[in-house]
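Chains as they are written, first to last, in our numbering: chain A, 1 to 600; chain B, 601 to 843.
Working notes, beginning with the structure itself.
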Amino acid sequence: MNKGSSYRQPVFCWQGPLYLVEGEGGWRVGLSHNPGLDQTFWLQRGYRQFEVLTPPLPLGAAVFLHDLVAGYLATGGQRVTRGWIMEMLARGRARMGLEPWTRVEKVAAQPLPPPPAGELALVRNTLAGRVLWREELARALAERRLGVNTPLEDLCHWLYLEGEIKLLPGVSYDPDGRPRCRRCGQSTGLLKVNCAACSREDCLLCEGCLAMGQSRRCRPLYARPWPFAAASPARPAAVVRPRFRFDLTPAQADAYREVEGFASQDKEKECLLWAACGAGKTEVAYGAIAAALARGRKVLYACPRKEVIRELHPRLQAVWPGLQIRALYGGSQGKYGEADLILATTHQALRFYRRFDLVILDEVDAFPLAGDPMLYYAVERARREQGQTLWLTATPPPEMVARVRKGKLAVIYLPARYHGHPLPEPEFVREPFLGPPGTGSLPRSMVNCIKTTLGTGLQLLLFVPAVSLVEGVAAWLLGSWPGQAPGGAWVRGCHAAHPRREEIIAAFRRGEFPVLVTTTVMERGVTIPRLNVLVLYAEEGRVFTASTLVQIAGRAGRSAAYPTGRVWFIGRHLSPAIAEAARQIREFNRLARRRGYLTR
Amino acid sequence: MPAFINLLFPRGKTCAWCGRPLDRGLFCPHCHRELYSWQEKYLPCWYCGRLLAPGRGTVCRQCREELPPFRRARAVGAYRGILKELIWAFKYQGRRSLAAPLGQLLAGVVVRELGPARPHLVIPVPLTAARLQARTFNQAELLARALGRELGLAVSGQALARVRETAPQVGLSRRERWQNLAGAFQVQEPALVKGHSLLLVDDVMTTGATAAACTGALLAAGAAGVEVVTLATGIDSIANISP
Chain A
1 MNKGSSYRQP
11 VFCWQGPLYL
21 VEGEGGWRVG
31 LSHNPGLDQT
41 FWLQRGYRQF
51 EVLTPPLPLG
61 AAVFLHDLVA
71 GYLATGGQRV
81 TRGWIMEMLA
91 RGRARMGLEP
101 WTRVEKVAAQ
111 PLPPPPAGEL
121 ALVRNTLAGR
131 VLWREELARA
141 LAERRLGVNT
151 PLEDLCHWLY
161 LEGEIKLLPG
171 VSYDPDGRPR
181 CRRCGQSTGL
191 LKVNCAACSR
201 EDCLLCEGCL
211 AMGQSRRCRP
221 LYARPWPFAA
231 ASPARPAAVV
241 RPRFRFDLTP
251 AQADAYREVE
261 GFASQDKEKE
271 CLLWAACGAG
281 KTEVAYGAIA
291 AALARGRKVL
301 YACPRKEVIR
311 ELHPRLQAVW
321 PGLQIRALYG
331 GSQGKYGEAD
341 LILATTHQAL
351 RFYRRFDLVI
361 LDEVDAFPLA
371 GDPMLYYAVE
381 RARREQGQTL
391 WLTATPPPEM
401 VARVRKGKLA
411 VIYLPARYHG
421 HPLPEPEFVR
431 EPFLGPPGTG
441 SLPRSMVNCI
451 KTTLGTGLQL
461 LLFVPAVSLV
471 EGVAAWLLGS
481 WPGQAPGGAW
491 VRGCHAAHPR
501 REEIIAAFRR
511 GEFPVLVTTT
521 VMERGVTIPR
531 LNVLVLYAEE
541 GRVFTASTLV
551 QIAGRAGRSA
561 AYPTGRVWFI
571 GRHLSPAIAE
581 AARQIREFNR
591 LARRRGYLTR
Chain B
601 MPAFINLLFP
611 RGKTCAWCGR
621 PLDRGLFCPH
631 CHRELYSWQE
641 KYLPCWYCGR
651 LLAPGRGTVC
661 RQCREELPPF
671 RRARAVGAYR
681 GILKELIWAF
691 KYQGRRSLAA
701 PLGQLLAGVV
711 VRELGPARPH
721 LVIPVPLTAA
731 RLQARTFNQA
741 ELLARALGRE
751 LGLAVSGQAL
761 ARVRETAPQV
771 GLSRRERWQN
781 LAGAFQVQEP
791 ALVKGHSLLL
801 VDDVMTTGAT
811 AAACTGALLA
821 AGAAGVEVVT
831 LATGIDSIAN
841 ISP
């Protein structure tokens, strides 16, 4: 959020009454921030009686009551009476915990002229496949250099009345009266706040998705699915064929054909590409992208981490020079334009609505996607209901693994690295008396690991389970072995909040010192050619989960310069996570050998 | 499982800012250390609370030239690092759940720095109606209410109102800033403030002009005295002394 601009702009706050209209087809209930518009709309359709039922309500409350009464009207048939409608409203109000309203101003609004058709068309097109606040819609129009004279909320409301778009409160109520954020889908992290926009003391605000702006009960979201009829025509094969600068390995080529098959037909709705760390899963996913684009489909490549999206954008642009590719992340320019292929962080995916035929979700287990239902909700909603999802990961979460094992989720394996060597299998070393750093001498097993590494001129990444252990373990090593490297410490430590983190990592990459003590911050995105890996206190299951250990082990042996890197897990006892990680790695190696992908 | 691992990973309470687990207090040792790291390098000006480098006396140059109308002002720390990020998340991102921990930080300042005398009323620096509508909340009022709850003090969000928007203060001298803000604040309920000592609450004090203008309005309405507490304040360096 730019504090210099957006926070000073008034944010549209939706407040309006519920009303009843009566025509030949019977009663209909409606809600409006500007009832004059609704009068015009219903008059045009032969409805005559227009009666205001409630005082102005915040959108979340109005939608809840509207749905309640509308459901009653739909099922009540001839038994519907006005008295029953009022009874339903009173019950609904009580379910939400709202104060009873005493007096309802029943003066009907004057009918207003309908909005111009041209302006309605602009909003309809701009909103296609998106879910936006009014302010975001205004920015989207401005980005496309489009302007309207009618207030945007009126244009959107007319489209809502026509059934073209959905009107969603930022925070609304489930049928049982429990509040839920409609932007991020969460029912936790909601605060009851005093809101100066709607002048209510019981407004609801979602803190779960605040990074994307305030989602409140009184703030409307406008959503429009991508119109099916507007699917792009199939693209020429020459344009969508990826231009690889290298040949795919046999393992990659097989997986490529399989993902291509997945995206070329609509048999399965989702599929997991389960790849070994460093096996080149992104290149394999190009197969699915190319197949979907060839069918004129819309594709989203989403990843939780902004750095991955930024790094991927030029790579993909080089692979598909003839396609327009747009990268969306916090701070990127132009968030609302069209493109053949959209790359987005999972947060940015919150702005799409039923738009994509294929969603590729990379690093599903990485922070912050792992365990964050909001981001699953975002990518799920961005996909069209009939669309497909391809999950890419080296370490799928346990529930996904369980679905694979039960045969409920299609899986494509990519078990081998490009150099044809097996993945380094972890060696577990039990140290039952391993104490906190600095207590006594270094365990013999650790001494052996370090000697093995330093003796062969390699580097060692030493993982510990907590930031507070980084400095302690580094000092322990230095204290036990002071004179390893002349002219500077041979061991250094770094963690996520370390003030010189980038500098230390860069120096380690340059090989300026041989041992780096670190936390799980280094579990991904690190490729050091000649590297061994050691995990200390590996039994600490709250930090070193099976996925984390597989990722950590995946740092070793990535390069053809030293494909047989060693991985040691040192702990007081063998934890289930250590056993599971070792099992997964062994299983991948067995599969790779069986399929003939291993050349050594 | 050995005890030291449990010490490293206690379950339950987490740091109000970084979410790391903690045993007691609001902030983890790392965040706490960063919040108060200014104390190793600076002292607050006795009057306005701006932070002074050692050897530059106990009163800043601005206060030596002209004393502010409030008795004293104090802040949790300098407007930088974690405190700046906290204020940004609270004020601009609207993370209102931070009001309670930030109010507790303010309460700590009041108890430690402003002495045992209890103010009669806590008053937040008000926003104009338009700004309040745009932001949907007054960050100073949320802080004042959290502080009031913590110390058992009465809070009034209506006693003082901002009746006009003012021109940007950038490039103005201290006196010009005070003049720019003159008449911007008005006491709405004089009976609440007359003859009483008051505590004015704001999120950030930059030059002290806003606090001075509020104090001027409160003193004109008969307040016995005003003290000011803010989350953050400026550092009195040569660069930001000269307008």
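Where is the CB? At the ideal position from N, CA and C, for every residue including glycine.
These figures come from a predicted structure and were not determined experimentally.
Using the Cβ count rule (16 or more neighbours within 10 Å means buried), how would you classify residue i?
{"i": "N738/B", "result": "buried"}
{"i": "P236/A", "result": "exposed"}
{"i": "D176/A", "result": "exposed"}
{"i": "E523/A", "result": "buried"}
{"i": "S773/B", "result": "exposed"}
{"i": "M86/A", "result": "exposed"}
{"i": "K3/A", "result": "Residue placement at K3/A is poorly supported in this model, since its pLDDT is 42, which falls under 50; the coordinates still yield a value, given next. Classification for K3/A: exposed."}
{"i": "K408/A", "result": "exposed"}
{"i": "D340/A", "result": "buried"}
{"i": "A675/B", "result": "buried"}
{"i": "L532/A", "result": "Residue identity check: residue 532/A is Asn in the sequence provided, not Leu. It is buried - the Cβ of N532/A has at least 16 other Cβ atoms within 10 Å."}
{"i": "A318/A", "result": "exposed"}
{"i": "V498/A", "result": "The sequence given here places His at residue 498/A; Val does not occur at that position. It is buried - the Cβ of H498/A has at least 16 other Cβ atoms within 10 Å."}
{"i": "S547/A", "result": "buried"}
Just the C-alpha distance for residue i and residue j, rounded to the nearest angstrom, thanks.
{"i": "G440/A", "j": "T456/A", "result": "27 Å"}
{"i": "A94/A", "j": "Y47/A", "result": "30 Å"}
{"i": "W27/A", "j": "L20/A", "result": "7 Å"}
{"i": "D266/A", "j": "A561/A", "result": "42 Å"}
{"i": "E634/B", "j": "L742/B", "result": "24 Å"}
{"i": "R297/A", "j": "L141/A", "result": "24 Å"}
{"i": "K832/B", "j": "R671/B", "result": "Sequence check: residue 832/B is Ala here, not Lys. About 18 Å."}
{"i": "G420/A", "j": "I165/A", "result": "53 Å"}
{"i": "R712/B", "j": "R661/B", "result": "24 Å"}
{"i": "G596/A", "j": "L120/A", "result": "60 Å"}
{"i": "D174/A", "j": "C218/A", "result": "16 Å"}
{"i": "V829/B", "j": "Y692/B", "result": "20 Å"}
{"i": "Q704/B", "j": "A746/B", "result": "7 Å"}
{"i": "R500/A", "j": "P644/B", "result": "30 Å"}
{"i": "C494/A", "j": "V787/B", "result": "54 Å"}
{"i": "A196/A", "j": "C203/A", "result": "9 Å"}
{"i": "L205/A", "j": "W568/A", "result": "47 Å"}
{"i": "C631/B", "j": "A496/A", "result": "14 Å"}
{"i": "R325/A", "j": "P242/A", "result": "Residue 325/A is actually Ile in this sequence, not Arg. For I325/A and P242/A, the distance between alpha carbons rounds to 13 Å."}
From the DSSP output, in three-state form, read off residue i for me.
{"i": "L161/A", "result": "helix"}
{"i": "S637/B", "result": "helix"}
{"i": "C663/B", "result": "helix"}
{"i": "P644/B", "result": "strand"}
{"i": "I723/B", "result": "strand"}
{"i": "I325/A", "result": "strand"}
{"i": "P621/B", "result": "strand"}
{"i": "Q788/B", "result": "coil"}
{"i": "G822/B", "result": "coil"}
{"i": "W133/A", "result": "strand"}
{"i": "C13/A", "result": "coil"}
{"i": "K691/B", "result": "helix"}
{"i": "L591/A", "result": "helix"}
{"i": "A109/A", "result": "coil"}
{"i": "Q459/A", "result": "strand"}
Is the region 393-408 of chain A close to the region 237-251 of chain A, with three or more CB pairs under 8 Å? no
Determine contact between the region 153-173 of chain A and the region 118-127 of chain A, defined as no fewer than three beta-carbon pairs at a distance below 8 Å. yes
Do the region 721-732 of chain B and the region 678-694 of chain B touch if we need at least three Cβ pairs shorter than 8 Å? no
Please give me, in chain order, every unbroken run of the alpha helix (DSSP H) with length at least 4 that falls completely inside the region 486-539 of chain A. 501-509
Answer yes if the region 497-517 of chain A comes into contact with the region 459-472 of chain A, meaning at least three C-beta pairs across the two stretches below 8 Å, and no otherwise. yes
Count the C-beta pairs between the region 281-296 of chain A and the region 255-263 of chain A that are closer than 8 Å, then say yes if the count reaches three, no if not. yes
Which residue spans inside the region 535-583 of chain A form an unbroken beta strand (DSSP E) run of at least 3? 567-571
For the structure I just gave you, are there three or more beta carbon pairs, one from the region 312-322 of chain A and one from the region 350-358 of chain A, closer than 8 Å? no
With a floor of 3 residues, list each beta strand (DSSP E) that falls wholly inside the region 30-56 of chain A, ordered by position along the chain. 49-52
Give a yes or no on contact between the region 413-428 of chain A and the region 561-575 of chain A, applying the rule of three or more CB pairs nearer than 8 Å. yes
Alpha helix (DSSP H) runs wholly inside the region 691-770 of chain B, at least 4 long, in chain order: 699-713, 729-735 and 739-751
Below 8 Å, how does it come out for the region 49-65 of chain A and the region 208-217 of chain A: are there three or more Cβ pairs, yes or no? yes
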